[in-house]
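So the number in the working numbering is just where the residue sits in the sequence shown, counting from 1, plus 27.
The beta carbon of each residue, even a glycine, is placed where N, CA and C say it ideally should be.
Because the structure is a prediction, the values reported are computed rather than measured.
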Amino acid sequence: MAIDNSNTNKYFDALPNAEILYSDLANALEKVDVSTMTPEERLHLAHCCQEAQAGLCHCLTFIGDTMLSFAQSDVHEFTPESLCQLGHGITSIGLLVPALGELGRVAFSTQERQEVGGN
């Protein structure tokens, strides 16, 4: 009997075949209309996205370095369940990174279009 894991995205390709700069969330955020926001709000949103994206990358680097250090030191304190949970968490973070990039791009490009258009 197969194990049903409802947290696994059946459309997600295993690396190395996955397009890491795309996610369904990023695709949905591309369609968000930020034109009703003030220029200050759009710039604030774009900068927040950039900061969050950088923070997520630093977090993933820390987690990766920690796990490598554990492996090199022969530390085996994670249970299979916690490793599975950690894997799902890291996958979720991986989906947020391109989404934040897309949301920031939308905010900046809308800002630039409105500045060029005189709005």
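- Listed in chain order, the non-local C-beta contacts of residue 59 below 8 Å within the same chain comprise 130, 133, local neighbours out to five positions each way being set aside.
- A distance below 8 Å separates the beta carbons of residue 69 and residue 137.
- Within a 10 Å sphere around the beta-carbon of residue 125 sit 16 or more other beta-carbons, which makes this residue buried.
- A distance below 6 Å between beta-carbons, with the five flanking residues on each side excluded, links residue 62 to the following residues of its chain, in chain order: 137.
- Separation of residue 142 and residue 79 (C-alpha to C-alpha, rounded to the nearest whole angstrom) is 25 Å.
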